[in-house]
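**Student:** One structure coming up, written as structure tokens, with questions to follow.
In the UniProt record's numbering, the protein residues as written are 1 to 146.
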């Protein structure tokens, strides 16, 4: 973990036993060369996630006060397991849904490797929005000694 004021970078690692993402999905494509289609609710659970955070800041003056704002927020997420659940696959065909979910979950690593960069990018954007919301309210010279 390191903070470099001159380069305005912060690097650190976090570990989470479980990250669960619930969302609506709409898919018509292939997963591991298998055709998949459907639309509905999904739950993706990442297990034992280690996340490397690399943040690049920039200074911004707001109301005559200096604020740090996140310019880029990069994440790398390594996991030790995953579980995927998609409701209403194949227009609700339970037999097909069960079979594809079994294959996807038995091959969680291959599936995750295919979507890993997209997940990391999306999570990085969310972290950036949260951080910028916080930093916009706190001038850094009132929080950190110069």
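Glycine included, each C-beta is placed from N, C-alpha and C at the ideal position.
#1: Check residue 79 in the structure and name its three-state DSSP category.
#2: Between the Cα of residue 122 and the Cα atoms of 10, 15, 12, 23, which residue gives the shortest distance?
#3: If you count every other CB in all the chains shown that lies within 10 Å of the CB of residue 70, and 16 or more means buried, which is it?
#4: I'd like to know if the stretch 56-73 and the stretch 12-32 are in contact, where contact means that at least 3 CB-CB pairs between them fall below 8 Å.
#5: Per DSSP, residue 3 forms a beta bridge with which residues?
#6: Quick check on DSSP: helix, strand or coil for residue 144?
#7: My output table needs one value for residue 111: the three-state DSSP class, helix, strand or coil.
#8: Between the alpha carbons of residue 11 and residue 1, how many angstroms are there, rounded?
#9: Three or more C-beta pairs closer than 8 Å, one from the stretch 63-77 and one from the stretch 86-95: is that the case here?
#10: Candidates 36, 27, 53: which alpha carbon is nearest residue 125's?
#11: If I'm right that residue 135 touches residue 34 with Cβ under 8 Å, what's the distance once you round it to whole angstroms?
#12: Do residue 44 and residue 37 come within 8 Å of each other at the CB atom, strictly closer than that value?
**Tutor:** Put simply:
#1: In this structure, residue 79 counts as coil in the three-state DSSP scheme.
#2: Closest by alpha carbon: 23.
#3: Residue 70 should be labelled buried.
#4: Because the criterion of three Cβ pairs below 8 Å is not met, the stretch 56-73 and the stretch 12-32 do not touch.
#5: In the DSSP output, where bridge partners are listed per residue, residue 3 has 10.
#6: In the displayed model, residue 144 falls within coil according to three-state DSSP, outside both helix and strand.
#7: Note: residue 111 maps to helix in three-state DSSP.
#8: Distance between the alpha carbons of residue 11 and residue 1: 5 Å.
#9: Between the stretch 63-77 and the stretch 86-95, the count of C-beta pairs closer than 8 Å stays below three; the two stretches do not touch.
#10: Closest option to residue 125, Cα to Cα, is 53.
#11: So it is not a contact: roughly 44 Å between Cβ atoms.
#12: In this structure, residue 37 keeps its C-beta atom at 8 Å or more from the C-beta atom of residue 44.
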